[in-house]
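Per mature numbering (1 follows the signal peptide of the UniProt record, and there is no 0): the sequence shown = residues -25 to -1, 1 to 1074.
Think of the CB as a built atom: it goes at the ideal place given N, C-alpha and C, for glycine as much as any other residue.
Bear in mind that the values here come from a model prediction, so they are computed numbers and not experimental data.
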Amino acid sequence: MNNNTIWKFGCLILILWNAIQVMQAANFDRKKPFVDHESDLLQKGFLFPSDSVRTAVYWYWVNDHISQEGVIKDLHAMKAAGINRVFIGSNIRNRTSWSRDLTGQWFGNVKWNSDEWWEILHTALKTASELDIETGLFNCPGWSQSGGPWIKPEQAMRYLDASELRVKGPLKLSRQLTQPDTLFQDVKVLAFPVAPDYEQNLLEMPGAIITSSGDLQVASSFNQDKAKYILAGGEGSLYIELPDTITARSLTLYPFEYMNLKVEVQVKDGGEYKTVHKFNIERRDSVENPASAGFEPYAPYAHSLGELKSKFFRLIFNKIGKEDSRMSRIVLGSTPVLKNLTEKKLAKIWGGNPLWKSTLWQPQPAYSASVDVPQARQVIDISSFMSADGILNWNVPEGEWIIMRTGMRVIDVRNGPVSFEAEGLEADKLNKEHIQSHFDAFIGEVLRRVPEEDRKTLKVVVVDSYERGGQNFTDGFLNEFKQRYGYDATPFLPVFKGHIIGNPDVSDRFLWDVRRFVADKVAYDYVGGLTEASHKHGMVTWIENYGHSGFPGEFLQYGGQADEVSGEFWDEPIRNSRYENRGAASAAHIYGKKHVWAESFTSGSWDNNKSFSSYPKRLKRYADYYFAEGINSTLLHVYIQQAYEDVYPGVDAWFGTEFNRKNTWFSHVDLFIQYLKRCNYMLQQGLNVADVAYYIGEDTPKMTGIRQPEIPQGYSYDYINSEVILRDMYVRDGRLVLPHGTTYRLLVLPPQDTMRPEVLAKIEQLVADGAIVLGQRPNRSPSLQNYPDADRIVQEAAGRMWGDASTKYHRYGKGMVMKDLSLEEVFRIIEIAPDCLVDNPSVRYLHRSLGDKDIYFLTNISDKPVSFIADFRIKGMQPELWDAVTGTTRPLPVFHQNGEITGIPLHLEVDGSMFIVFRTEGLPSNKKGLSNFPLKKNLSVEIAPWMVTFEHDSIKRGPSEPVIFHELKDWTECDDERIRYYSGTAVYSTILTLGKVPKNQKLYLDLGDLSAMAKVKVNGEYVGGVWTSPYQLEVTGKLRKGKNKLEVEVVNTWMNRLIGDHRLAPEERIVKTDNNHWKADSPLQKSGLWGPVKILTVE
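Here you go:
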């Protein structure tokens, strides 16, 4: 019976409720203390989070290993554990590397899209509806991204490419123009004049002498099957002697295949070579999905040299990594190039965890007037002279000309990881029409096949982290680009192929506009398109607003177009460099979204032997850390569908923590989930409190912001973007305000000198209305839109706002603009005290404001207990401590107030956490001897030997009879191998004899130490469970004088059994898993209950 039913039927149900409690005393169920009807609603929601507080899980159907019986049992197990939202994804571990240990075959028998697959999906959705478990579907097979076999080439991701023909006029030309690819959609045929020495390679000029040294091997010529330059060892050099002193302006390296190098460019000066340029270059693809690293993973690397005059050049190559680097060509040119062209046109996008500045490129130095590059006015559109079959008939004017046949090529990037049947091209992310077609082909087909009454809880369309690379062109690009930026992109299309048009600055500005255009389209057409399609069917979108393989968007805007946004964290040491969760939280905060999800406890066991070793106590630190980063909704990673009832530990993978019914401790996971729900409930209340909004700028791609200057301890922040500033932000009483109520005291600009005029105009208005802004003054626009007037507008507005360059702050209207100050200095000037200042850096916090209530979450991320003073920016309120592990709440008697600050002495155990809640008025007490954490004293108790009953079946194979433990000990210290390598549940039973039971004192059962989780009964009554230290339960009123029966049901992990099986002959091994990296001599994991067990009292 759930609590909502109790409240609905009230007193008439109390009798039945009490009867149920008596019946449940014989079972190990979750403890739910009774709450009076008059109790505060916030406290009720904390004690018993309702079903609206959803704990979700990725439910992966892996390698076609699914069954109808399995999905039904999985869902019932989830419901019992407290999981009430599941996201179904069909994927594979990969195609080549897993073993056949599990079922004797790589793939199961239920093929994706088969009749049986549809029947099982129908069963899953119907069963979830019956259990009131909300369901979601990944928007396509695989976890990334949005594609499938239904995507046609003209609906797929595409990029602009071109074939080139160089001709000399005057000439009456009639020639077939080549296509770069068979799948090619023509865009424009262009022609532009070039100088005779345009793109000349100085290495190939007559009289040039080329030699090599060290580990650089140089072939006499290049062919398609062999690289011309191979760096086989650690370092090699290429020496270039030209016939005369010549100005070199560019160096372009053409990879043959993999290339990962450090490069130095040297010129000879006074008889010695001196380094004038250093850079690194990396070119490689993704093994699993090559185009996810970029549609040109082996694109040439072009480096701008400025203007180097010399006769002698030296190129030094140092190998990075173990593989040889191979190049097909090296071009030292007098023609300038755009530095980082490949990245600027999105052919290669940063993977991993890119920094904010990763996509910022400094302007290239201007070239002398003698450098001849094409101008935009010289680029001629000759498309009308080409026939449908690609034959160009055109009268070439006098001079050297380059003719380009431009068009779109399909990017061969596919959804995945999936079986062959489910694989197809990725849908065009820049075209809402194609996204709608994609939605209709998969989600729409589910809606058509499964009757509405059998999918009542199907509510969510899921988009995982972006891992499928970029694109830079789409249908209607030229028209929409002109509407958005006010100029025609046609003359600048040669820039995509590396030709500078106008000058490097103009060409860079064009590419900036392209990247911003792509980011906007990815947000509005892709995410927005999926959201619109979902809403038509009463569904919502859930999205991770980042990506580790070529994310082409802006993380805040991208997440803002979805209904729900999510971050991600792994079961791994906490790293401050992980940006996904603060990025998700910021997107939710600035766009007014209640939920900040996180894909939680993801792991990779391929290299660190984590399989089946994790358990909730170990996971808690990560959850708490990211709760303090803003996460308030938990999605567990991962529940893999358990298709086979006779296989243990069951179907698994190299990724994720094993949240499934075949895992040993899943029977106890409700204890952990109850904690997560309580934390989620509290952190979903009201609004996030942050003093600083860090503006991320408008450069794209962008996956994080920058905190410069850094936020001081005791304050919090969000990242904010142009869209929200322009559309939503206003000033009230000196605060920056968003429509849903979130406010900030300070807007901090990023450390760059560019800003579009419309953004600066809005910030100028905010300052005039009373806002405070910190940052350097911009002096130009990054865009080609309205160039060069836009630069002048920016400079004039900046002059008004920043005033005299010598001053660090300048009042403007009702507000102020500051620069060259730390945030500590700024907060002193504007008199903003820390929100939560703790005298220990190991304590992290988060603050939510709910009307007249304030909720602070604090957690200790160190390996030691910490006692500390926390100063809260709260006045005249009584602090309370709310413990999400136990569900208890209590006022804190000891605190002090100093002006606007309330100081409280607090204590947190290792990995401990607490909520400090201010909801009623209160003043400090003058009473002596009070403590916020009174000491607990040992109560004399006699404990009989323990009788321990292990599971004994064909899988667990513990001792068949109960074992007597005269002293508690770790199972791995037992001589009996049935215990030492045991994995499963064991029930400890003993008699506690108390000489007396103190009155007016609380009693606690302290189990000492154990692994991994336990549920407890006292005198046959369930009193709760423990899963994290301190392993204590309040048992006030449960113990009596004399003899008391104590039962402790302890469960460990599968790890020791997996190790033990390696010690057996193959035919005797009982566990079957695809992911057992353990060895016979691997260290065992401490298990069981080893105490010491005590009874504690506190007044």
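One or two residues paired with residue i in a DSSP bridge
| i | result |
| --- | --- |
| residue 989 | 1001 and 1025 |
| residue 249 | 242 |
| residue 973 | None; residue 973 has no bridge partner. |
| residue 882 | 842 |
| residue 824 | 662 and 829 |
| residue 729 | 755 |
| residue 865 | 856 |
| residue 160 | 383 |
| residue 630 | 579 |
For residue j and residue i, believed in contact at Cβ under 8 Å, the rounded distance
| i | j | result |
| --- | --- | --- |
| residue 49 | residue 614 | 7 Å |
| residue 923 | residue 940 | 6 Å |
| residue 522 | residue 557 | The Cβ separation is near 16 Å, so there is no contact. |
| residue 497 | residue 117 | Actually they are not in contact, since the Cβ atoms of residue 497 and residue 117 sit about 19 Å apart, beyond 8 Å. |
| residue 629 | residue 1032 | Incorrect: roughly 19 Å between the Cβ atoms, too far for contact. |
| residue 675 | residue 334 | 7 Å |
| residue 887 | residue 835 | 5 Å |
| residue 612 | residue 642 | Actually they do not touch by this definition, with Cβ atoms about 20 Å apart. |
Proximity test, Cβ basis, 8 Å: residue i and chain E
| i | result |
| --- | --- |
| residue 235 | As a matter of chain content, chain E is missing from the structure shown, which is built from one protein chain. |
Range of the contiguous alpha helix (DSSP H) that encloses residue i
| i | result |
| --- | --- |
| residue 949 | Note, residue 949: premise wrong, no alpha helix (DSSP H); not H, not E. |
| residue 492 | 479 to 496 |
| residue 560 | 555 to 566 |
| residue 407 | 407 to 416 |
| residue 97 | 90 to 105 |
| residue 697 | 697 to 702 |
| residue 454 | 452 to 460 |
Three-way DSSP call (helix, strand, coil) for residue i in this model
| i | result |
| --- | --- |
| residue 359 | helix |
| residue 691 | coil |
| residue 1018 | strand |
| residue -5 | In this predicted model, residue -5 has a pLDDT of only 37, less than 50, meaning its place in the structure is not dependable enough to derive any value. |
| residue 672 | coil |
| residue 316 | helix |
| residue 592 | helix |
| residue 85 | coil |
| residue 772 | helix |
| residue 70 | Confidence at residue 70 is low in this model, with a pLDDT of 45, below 50, so the placement of that residue should be treated as unreliable; the coordinate-derived value is given next. Residue state, collapsed to three classes: coil. |
| residue 1075 | The question about residue 1075 has no answer here: the residues shown for the chain are numbered -25 through 1074. |
| residue 1075 | This structure cannot speak to residue 1075, because the chain is shown only from -25 to 1074. |
| residue 1052 | coil |
| residue 350 | coil |
| residue 1065 | coil |
| residue 3 | Low confidence applies here, because residue 3 scores a pLDDT of 42, under 50, leaving its location unreliable and the question unanswered by this model. |
| residue 9 | Low confidence applies to residue 9: its pLDDT is 43, below 50, so where it sits in the model is not reliable enough to give any reading. |
Residue i, enclosing beta strand (DSSP E) - first and last residue
| i | result |
| --- | --- |
| residue 136 | 133 to 151 |
| residue 612 | 608 to 615 |
| residue 1045 | Unbroken run through residue 1045: none, as it is neither H nor E. |
| residue 712 | 710 to 712 |
| residue 18 | Element bounds for residue 18: not the beta strand (DSSP E) but the alpha helix (DSSP H), 16 to 22. |
| residue 374 | 366 to 385 |
| residue 872 | 871 to 873 |
| residue 174 | It is not in any beta strand (DSSP E) - residue 174 carries neither H nor E in the DSSP assignment. |
Contact test: residue i Cβ vs the ligand MN heavy atom, cutoff 7 Å
| i | result |
| --- | --- |
| residue 24 | The model on display carries no ligand, and the ligand MN is accordingly not part of it. |
Inset, instruction - For the region 653 to 661 and the region 850 to 859, state whether three or more C-beta atom pairs, one from each stretch, are separated by less than 8 Å. - result: yes
Legend entry - the region 754 to 770 in contact with the region 795 to 802 per 3-pair CB rule at 8 Å: Counting Cβ pairs under 8 Å, fewer than three are found: no touch.
Legend entry - the region 134 to 146 / the region 367 to 376 touching (three or more Cβ pairs under 8 Å): yes
Inset, instruction - Evaluate the contact criterion for the region 461 to 477 versus the region 295 to 303: three or more CB pairs, one atom per stretch, below 8 Å. - result: no
Legend entry - the region 504 to 521 contacting the region 433 to 444, beta-carbon criterion three pairs below 8 Å: yes
Inset, instruction - Spell out a yes or no on whether the region 560 to 567 and the region 689 to 708 are touching, meaning 3 or more CB-CB pairs, one atom from each, closer than 8 Å. - result: Enough Cβ pairs lie closer than 8 Å, so yes.
Inset, instruction - Take every Cβ of the region 91 to 108, pair it with every Cβ of the region 51 to 69, and state whether three or more of those distances are shorter than 8 Å. - result: yes
Legend entry - Any 3 or more C-beta pairs closer than 8 Å across the region 957 to 969 and the region 924 to 932: The region 957 to 969 makes contact with the region 924 to 932: 3 or more CB pairs, one atom from each, lie closer than 8 Å.
Inset, instruction - Say whether the region 384 to 401 touches the region 118 to 126, bearing in mind that this needs 3 or more beta-carbon pairs closer than 8 Å, one atom from each stretch. - result: yes
Inset, instruction - Please determine if the region 1038 to 1055 and the region 982 to 992 are in contact, where contact requires at least 3 C-beta pairs separated by less than 8 Å. - result: Between the region 1038 to 1055 and the region 982 to 992 there are fewer than three C-beta pairs closer than 8 Å, too few to call the two in contact.
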